[in-house]
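Engineer: Residue numbers (my numbering): 1495 to 1551.
1. Quick check: residue 1509 and residue 1526, are their CB atoms within less than 8 Å of each other?
2. What is the C-beta distance between residue 1524 and residue 1513, in whole angstroms, given that I count them as a contact (C-beta under 8 Å)?
3. At what residues does the alpha helix (DSSP H) containing residue 1533 begin and finish?
4. Taking the Cβ atom as the reference point for each residue, do residue 1500 and residue 1516 lie within a distance shorter than 8 Å?
Structure below.
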């Protein structure tokens, strides 16, 4: 998949979804339109961050 993703936005609708993902600097690295049946597969393939932020700080 594309460069490191830190933020993902998902615009939901009845049959077509729009995905926008940005890297840590805010640069858009993914802009795609997905059919309903493609959404789960897309997110399953999206790599998890190597380090999760500590929300207790």
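For each residue, glycine too, the CB sits at the ideal point set by N, CA and C.
Structural biologist: Taking the structure as given:
1. no
2. 6 Å
3. 1530 to 1539
4. yes
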